[in-house]
Every structure is written in structure tokens, then in C-alpha cells.
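Numbering-wise (our numbering), the sequence shown opens with residue 1356 and increments by one.
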Amino acid sequence: MDNPAMLFSVFICALLALGLVVRTALASRQIRHVARHRHAVPAAFADTITLGAHQKAADYTIVKTRFGLLELLLSSALLLGWTLLGGLNWLNQTLLAALGAGMLQQLALLAAFALIGGLLSLPLAWWATFRIEERFGFNRMTLGLWLSDLLKGSLVGALLGLPIAALVLWLMDAAGPAWWLWAWGVWMAFNLLALLIYPSLIAPLFNKFEPLPDATLKARVSALMQRCGFAAKGLFVMDGSKRSAHANAYFTGLGAAKRVVFFDTLLRQLSAAEVEAVLAHELGHHKRHHIVKRIALLFGLSLLGFALLGWLSAQAWFYIGLGVTPSMDAPNDALALLLFLLTLPLLTFFFSPLLAQLSRQHEFEADAYAATQTQAADLASALLKLYQDNASTLTPDPLYARFYYSHPSASERLARLRAAPAC
Ligand SMILES: [Zn+2]
């Protein structure tokens, strides 16, 4: 191993170790904080949340945070196994011996990597659904549905993923030193296409969507959308209860293909006024251009990512430092992609508080917009019901929340809504 490769190995190990220390410290803070506040409902929620619901949320949060730590340890071990311990190198050499060099071998390497990683993560995914979600009364899936989801998901992934992977690999080989710019363009076009076809082609493979049947609610929601100057292709109810008791509502699609989707679980839990307030919050994200800003950010960050990949993939130390021997007489493009995907999260983790901060700011803005279009009190009571039904803790550790939470904590959101002028 030459010097730059050795330095790179040390750098990656240091980054991995630092990430492990930070994540473990944050998770144990969260567990201790939630456990310390388990005995009493916070004063601000004393008349709305029962002690039983509060304790369920505390237990659910603690179990999930502990489980997250286990996942972290296993994924770190897997990362080392693929890279420094030689797993990826072995897989690459085996496929080279079997298939020879070329596009087929490179696609086989990507597919085998995804398949092995998917199989190794199955026990944890099973545990999360059939042990944790089940224990807290959220799981509605049978093993049969879980397996059929898995199969369908893998097929869709292969159908969409393999052609785009082939195109990117071809560009890496044939488009010259600026290939990463072309690959970025292709990747962005693919993302936009996926947004466009997801609601009508992909989502229906997994769920049933029916037009909102409740005429009163429909009239109410349509009036709100008209008031806010918002056009959508339709209002749909999704059978979310098929899989989970967790409730949600979302906008999906782009441009004219936009639609509003309510989980049936949400409609069961909220009153018409509360559903309207939740929708007004979602409309607020559009009105304040959060979606466009998010897509623009994704474009910018991906461009940085592809530029970095373009540079790294031409450095021998990038491969050798991560336990892989690059071929002298065959393209190493699939290897470069995999090594990049494996190690990039080690770096991006440290920037996640910035993205979380931006997201929380957007949530406050959407809440403020909703308070101008509907009653703030309706949004507040809807949020409270959703926090309770999803067993979200009301007492997260402040530092943990600051680092990870994409939504502000319940007490912060409700405090602002209570201060909002009535409309
Ligand atoms: Zn939101």
C-alpha cells in the first residue's frame, strides 16, 4: 500500500469512528432524557395527553433509539467488511473471473452488491416491523404482504435502476473527463421523471387510491385549495391502514400531475376542520416554495457529489485505500460508484444538522401559513392527535432534536400556533 492510499484508509477509519462516537452519544442522551421525563406529562400538555399515552411514547422512542444503535453498529461492520476487509474486492474479482471484463460484469457487480446488502438487512427490517411496530400496536402487515412488498420493491428497483446504472456506466467510460457532468444531468432527469411517474405508475403497485368519498370534506378541502390558488389533479384516499396505524397526508407529483393523498388512518383520526388545517399546512409548503427550494438544493448538492466522484474515481488511492485492487485493463466504474455510495454518508452525516435546521424552519413557515388560511387551533389539535397516535415523544433531548429532527418538537410548534392571531 502506498502512502496516499494508507492516509485515505486512516482518514476513512477516523471519520467512521468519529461518526460512531457522535451518534452513540446523541442516542444515549435521547434515551436518558426521555426516560427521565417518563413519569409525568409535561405541564403544557397536562389536560390533553394522558399519562398512559405519554409513557407509551417514551417507551416507543427508547426502543426505537436503541434499535437505531444496533443498526448503526451492524452497518458500520458491514461497511468495513465491504471495504477494508476485502468483501467488494472479492466480489469484483469473482465476477471478473466468471463474466470477463465489460458492461455485463459491472452491472452484475452493482446488482450482486444490492442483493447481498438487501438480504443482510432483512432480519433487522423484519424485527422492526414484526417486533417493534407490532409490540406498540402499529403494525398491520402480514408476513405475506411484507414478502410481496419486498419482491415488488426489488423488481421495480431493478427495472428502474439497471437501465439508469447502465447509462451512467456508459457515460463514465465514453464521455471523457467531464463524464460526471453528463451523469449528473442524467441523474437529475431520472429524479424528475420518477417524481412525475411515481403517483400514477409506482404508488398504485403498493396501495389502493380512491377519490375522496366524503362530499362535505371534499367541498371544504376544494374551497380551501381555491382560496389558496392551488390546482391539483385530484384528492385521493390511500389505504395506509393496510400496513400501519401511523397517519399521514402528502402532496405528490409535479406540475399538472400533482395530487393530494390522505391516509385513511388520518381521516379516521381527525375532524373535518383538522384535516383542512393539515392540508393548509401542506399547501403552505408549496406557497412558500419549499418544494422548489428542496429540488434546487438537491440539484446543487448532487452536482457537488458528482464532481467529487469524478475526481475520486481517477485516483488509484481511492480504490486501494478502501481495500480494492483496481483493474489495469478493465473499467473500474462500478467499483467507483459503490465505494462512493458506501463512504459518502460518513461525510454527509456531519452536515445533517444543517439540513434538519432548514427543514424545521420550513415547517414553522408552513404552520404560519396554515394559521392564516384556517384556524390555528385546529392545526394545533390535529398535531396533538398525530403526535399522540404516532407515539412521538413530547420530551426529546434538545440536542438530539436539534441534530436530527426534520420537524420542530411538539411544544415548539404548539407554542407558536397558540401565539398566532386567530383568523
Ligand atoms: Zn410540513
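From the three backbone atoms N, C-alpha and C, an ideal C-beta is built for every residue, glycine too.
Query raised in the report: Can you find a heavy atom of ligand 1 that lies under 6 Å from the Cβ of ALA1721?
Result: The residue you call residue 1721 lines up with position 366 of the sequence shown. Yes; taking the cut-off as 6 Å, the Cβ of ALA1721 has a heavy atom of ligand 1 nearer than that.
**Report entry** Three CB pairs or more closer than 8 Å across the region 1380-1390 and the region 1437-1449
**Finding:** no
Query raised in the report: Taking 6 Å as the line, does the beta carbon of GLU1718 fall inside it for any heavy atom of ligand 1?
Result: Within the sequence shown, residue 1718 is the residue found at index 363, counting from 1. True, at least one ligand heavy atom lies under 6 Å from that Cβ.
**Report entry** Same chain, Cβ closer than 8 Å to LEU1739, neighbours up to 5 away in sequence not counted
**Finding:** Translated into positions along the sequence shown, residue 1739 becomes position 384. PHE1400, THR1403, ILE1404, ALA1765 and LEU1769, listed in sequence order.
Query raised in the report: Which one of PHE1606, ALA1746 and PRO1708 has the shortest CA to CA distance from ARG1757?
Result: Translated into the one-based positions of the sequence shown, residue 1757 becomes position 402. Ranking the options by Cα distance to ARG1757, first place goes to PRO1708.
Query raised in the report: Counting only runs that start and end within the region 1484-1535, where is the alpha helix (DSSP H) found for 4 or more residues in a row?
Result: 1498-1529
Query raised in the report: In terms of DSSP beta bridges, what is MET1593 paired with?
Result: Position 238 of the sequence shown holds residue 1593. According to DSSP, MET1593 bridges with PHE1564 and PHE1618.
Query - Nearest candidate by alpha-carbon position, reference PRO1559, set LEU1370, GLU1718, VAL1511 and ALA1711 - result: Within the sequence shown, residue 1559 is the residue found at index 204, counting from 1. Taking only the C-alpha atoms, the option nearest PRO1559 is VAL1511.
Query raised in the report: In whole angstroms, what is the alpha-carbon distance linking GLY1499 and LEU1506?
Result: Position 144 of the sequence shown, counting from 1, holds the residue named residue 1499. Position 151 of the sequence shown, counting from 1, holds the residue named residue 1506. Cα to Cα, the separation comes out at about 11 Å.
Query raised in the report: How far does the alpha helix (DSSP H) with TYR1674 in it reach, from first residue to last?
Result: As a first step, residue 1674 is located in the sequence shown; it is residue number 319 there, counting from the start. Element bounds for TYR1674: 1671-1675.
Query raised in the report: Do you know whose CA, among GLN1730, LEU1697 and THR1703, lies nearest GLY1678's CA?
Result: If you number the sequence shown from 1, residue 1678 lands on position 323. Nearest option by C-alpha distance: LEU1697.
Query raised in the report: Going by Cα to Cα distance, which pick from ALA1632, GLU1718, ALA1600 and PHE1491 is closest to PHE1618?
Result: Translated into positions along the sequence shown, residue 1618 becomes position 263. Considering only alpha carbons, the answer is ALA1600.
**Report entry** Continuous alpha helix (DSSP H) assignments of at least 4 residues falling wholly in the region 1643-1705
**Finding:** 1645-1667, 1671-1675 and 1688-1703
Query raised in the report: Given VAL1592, which residues of its chain have a CB within under 6 Å of its CB, disregarding the five upstream and five downstream residues?
Result: Position 237 of the sequence shown holds residue 1592. Counting only Cβ-Cβ distances below 6 Å, and skipping sequence neighbours, we find GLU1565, LEU1567, PHE1617 and ASP1619.
Requested in this report: Take every Cβ of the region 1417-1437, pair it with every Cβ of the region 1448-1463, and state whether three or more of those distances are shorter than 8 Å.
Outcome: no
Report task. Report yes if the C-beta distance between PRO1753 and ARG1715 is below 7 Å; otherwise report no. Result -> Here residue 1753 corresponds to residue number 398 of the sequence shown, with the count starting at 1. Here residue 1715 corresponds to residue number 360 of the sequence shown, with the count starting at 1. Taking 7 Å as the Cβ cut-off, PRO1753 and ARG1715 do not qualify as a contacting pair.
Report task. Using only alpha-carbon positions, find the residue among SER1509, LEU1667 and GLY1374 that is nearest to PHE1363. Result -> Locating residue 1363 in the sequence shown gives position 8, where the first residue counts as 1. Closest option to PHE1363, Cα to Cα, is LEU1667.
Query - Extent of the continuous beta strand (DSSP E) run through THR1607 - result: For this step, residue 1607 is matched to residue 252 along the sequence shown. Its beta strand (DSSP E) spans residues 1604-1607.
Report task. Using the Cα positions of ALA1775 and ALA1723, report the straight-line distance between them to the nearest angstrom. Result -> Along the sequence shown, read from residue 1 onward, the residue named residue 1775 stands at position 420. Along the sequence shown, read from residue 1 onward, the residue named residue 1723 stands at position 368. Taking the straight line joining both Cα atoms gives about 8 Å.
Query - Length of the line joining the Cα atoms of ALA1731 and LEU1638 - result: If you number the sequence shown from 1, residue 1731 lands on position 376. If you number the sequence shown from 1, residue 1638 lands on position 283. Going by the C-alpha atoms only, they are around 15 Å apart.
Report task. Take ALA1627 and list the residues in its own chain whose beta-carbon comes closer than 7 Å to its own, dropping the five residues that flank it on each side. Result -> Position 272 of the sequence shown, counted from the start, is the residue given in the question as residue 1627. Closer than 7 Å at the Cβ level, and outside the excluded window around ALA1627, lie THR1571, LEU1572 and ARG1575.
Report task. Could you please give the first and the last residue of the uninterrupted alpha helix (DSSP H) stretch that includes VAL1418? Result -> Indexing the sequence shown from 1 puts residue 1418 at position 63. Taken as a continuous stretch (DSSP letters only), the alpha helix (DSSP H) holding VAL1418 covers 1406-1437.
Query - For SER1476, the three-state DSSP class (helix, strand or coil) - result: Numbered from its first residue, the sequence shown carries residue 1476 at position 121. If DSSP states are grouped into helix, strand and coil, SER1476 belongs with the helices.
Query - One or two residues paired with SER1599 in a DSSP bridge - result: The residue labelled residue 1599 in the question sits at position 244 within the sequence shown. Paired residues: ASN1494.
Query raised in the report: How is CYS1583 classed by DSSP in three states: helix, strand or coil?
Result: Within the sequence shown, residue 1583 is the residue found at index 228, counting from 1. Three-state DSSP puts CYS1583 in coil, outside helix and strand.
Report task. Out of TRP1501, GLY1540, LYS1613 and VAL1365, state which residue places its alpha-carbon closest to the alpha-carbon of ILE1552. Result -> Residue numbering aside, residue 1552 sits at position 197 when the sequence shown is read from its first letter. The residue with the shortest Cα to Cα distance from ILE1552 is LYS1613.
Requested in this report: Mark ASP1688 as exposed unless 16 or more other C-beta atoms lie within 10 angstroms of its C-beta, in which case mark it buried.
Outcome: Along the sequence shown, one-based indexing puts residue 1688 at 333. Classification for ASP1688: buried.
Requested in this report: Output yes or no for whether 7 Å exceeds the beta carbon distance between GLU1629 and THR1729.
Outcome: Within the sequence shown, numbered from 1, the residue matching residue 1629 stands at position 274. Within the sequence shown, numbered from 1, the residue matching residue 1729 stands at position 374. No; because the gap between Cβ atoms is not below 7 Å, this pair is not in contact.
Query raised in the report: At what residues does the alpha helix (DSSP H) containing THR1379 begin and finish?
Result: On the sequence shown, residue 1379 is found 24 positions in, with the first residue counted as 1. Segment 1358-1391, the alpha helix (DSSP H) holding THR1379.
Query raised in the report: Where does ASP1752 fall in DSSP's three states?
Result: Position 397 of the sequence shown, counting from 1, holds the residue named residue 1752. Residue state, collapsed to three classes: coil.
**Report entry** Distance CB(VAL1396)-CB(LEU1406) smaller than 7 Å
**Finding:** What you label residue 1396 is simply residue 41 of the sequence shown in a count that begins at 1. What you label residue 1406 is simply residue 51 of the sequence shown in a count that begins at 1. Their beta carbons are under 7 Å apart, which means VAL1396 touches LEU1406 by this criterion.
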